[in-house]
Amino acid sequence: MASIIIITTGQQKGEYLPLGRRINVIGRAENLPMQVLDDLVSRKHLRIRYDEEKNEHIAEDMNSKHGVLINNRKITVQAVLKEGDQIRIGQTTLLFTTEDFNDRESALSHFKKVGERQRPTMIE
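If you want my numbering, it's the 1-based position in the sequence shown plus 597.
See below:
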């Protein structure tokens, strides 16, 4: 399962991060695979890890100051990500997709097709 996070708002709109089967940390710190340039984003804000047994990606707030919202619901515990989930950290929105893209244009095309569609996420 290929999964990607696409930045859908803010000055970095269109950037994306292939998640793979590892732990990914997203935040403002320069050494992260996806640095989000947003003053309301903590240095280490969001962790997304892959669960091999369940074949799913799980999002966790890393004790950030402003929290993590998935589909406009603040998470306080781990949340299983589903296709089309919108994740907000600070003033930046990220789109989770299980699609695989070869380039930025393909990722942006997918984002445009998704539009405003939202699907609920399960909170464990």
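Quick reminder that beta carbons are idealized off the backbone N, C-alpha and C, glycines included.
* So what does DSSP say about residue 611, is it helix, strand or coil? -> coil
* Round the Cβ separation of residue 634 and residue 609 to the nearest angstrom and send it over; I've been treating them as touching at under 8 Å. => 6 Å
* Short Cβ contact (8 Å threshold) for residue 640 with residue 624 -> yes
* Asked: In or out: residue 683 buried (at least 16 other Cβ within 10 Å) or exposed?
  -> buried
* Of the residues 642, 680 and 679, which one's Cα is nearest the Cα of residue 627? -> 642
* Asked: Quick one: what does DSSP say residue 657 is sitting in, helix, strand or coil?
  -> strand
* Asked: In the structure shown, what three-state DSSP assignment does residue 673 receive?
  -> coil
* Inspect the CB distances between the region 674 to 693 and the region 653 to 666 and report whether three or more fall short of 8 Å. => yes
* Compare the C-alpha of residue 649 against each of 672, 619 and 661 and name the closest. => 619
* Just the C-alpha distance for residue 673 and residue 655, rounded to the nearest angstrom, thanks. => 13 Å
* To do: Assuming residue 644 contacts residue 631 (C-beta within less than 8 Å), just tell me the rounded distance between them.
  => That belief does not hold up - the Cβ atoms of residue 644 and residue 631 are roughly 12 Å apart, past 8 Å.
* **Nearest to residue 688 (by Cα), restricted to the options 603, 602, 600 and 607** => 607
* To do: Could you tell me which residues DSSP pairs with residue 621 in its beta bridges?
  => 645
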